[in-house]
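Numbering-wise (my numbering), the sequence shown opens with residue 3 and increments by one.
We put the beta carbon where it would ideally sit given N, CA and C, even for glycine.
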Amino acid sequence: MAIMEILTYPNPRLREVSAPVDVFDSKLKKLTEDMIETMYDAHGIGLAAPQVGVLQRVVVIDTRPKNDEGRRYDNDEMGELEKKVTQPLILINPRIVGGVGSTTFDEGCLSVPSFYETVERKEVIEVETYDLSGKKYKFKTDGLLAICIQHELDHLEGKLFIDRISFLKSKKIKNEIQKHGYPKKEKKEKAEVKK
3 MAIMEILTYP NPRLREVSAP VDVFDSKLKK LTEDMIETMY DAHGIGLAAP
53 QVGVLQRVVV IDTRPKNDEG RRYDNDEMGE LEKKVTQPLI LINPRIVGGV
103 GSTTFDEGCL SVPSFYETVE RKEVIEVETY DLSGKKYKFK TDGLLAICIQ
153 HELDHLEGKL FIDRISFLKS KKIKNEIQKH GYPKKEKKEK AEVKK
């Protein structure tokens, strides 16, 4: 497995529409493994293939919280439908075929790091997708998983969460990025222990 580079706005590849997957092979499996490792390494809960420069309809997600040892687990704060979905979740050629209700959440994005805004989404969604073997299936979900799926499927259409907020808020974020770029990640230096 390998850590992949995550593209950031305004990279034009993030604005392209992804092509459907038509070959379910070991290359696809390797891509999803690398995407999951990349998502975990970046402390994300979802990652779409276009975010790593691959214009295919592939998404990986894991919205479960982590315990002190860094292991992910189900908890009582998860939606009832969300708890029934095995994660990490790999979605191939996913599409939302139904949705009800409305909810809001302060969303962020690995491709727009350090910026967060409140986005409105469907509360419960039904998803039709394929697994790695090419088998089609459907499921319903709610909670953070439903929000994350909607966010990641936007990436497959060349959309970012900043496209789903008011024009003024979106412009403010875009101007901030244009003027100052993204905050640099501080590298932790190992302190030498002298005896």
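Check                                                                                                                                                                     : Outcome
Please tell me whether I92 and T34 are closer than 8 Å, where the distance is taken between their beta carbons.                                                           : yes
Going residue by residue through the region 54-126, where are the continuous beta strand (DSSP E) segments of at least 3 residues, counting only ones entirely within it? : 60-63, 91-102, 105-109, 119-123
Got a sec? Which residues, its chain only, sit under 6 Å from G145 by beta carbon, not counting five neighbours each side?                                                : M80, G81, E84
CB-CB under 8 Å to K31, same chain, minus the five flanking residues each way: which ones, in chain order?                                                                : L134
So the candidates are R59, I127, V121, P90; which of them puts its Cα closest to the Cα of V25?                                                                           : R59
Could you tell me how far apart the beta carbons of L147 and T65 are, in whole angstroms, since I believe they sit closer than 8 Å?                                       : 5 Å
Could you check what DSSP says for L134 in three-state terms: helix, strand or coil?                                                                                      : coil
Tell me the rounded alpha-carbon separation between K190 and A50.                                                                                                         : Legend: pLDDT at K190 = 42, less than 50; position of this residue unreliable, value from coordinates given subsequently. Approximately 28 Å, taken between the alpha carbons.
For the region 99-112 against the region 173-187, are there 3 or more C-beta pairs whose distance is under 8 Å?                                                           : no
Would you tell me roughly how many angstroms separate the C-alpha atoms of G100 and D165, rounded to the nearest one?                                                     : 22 Å
Does L146 come out as helix, strand or coil in the three-state DSSP assignment?                                                                                           : helix
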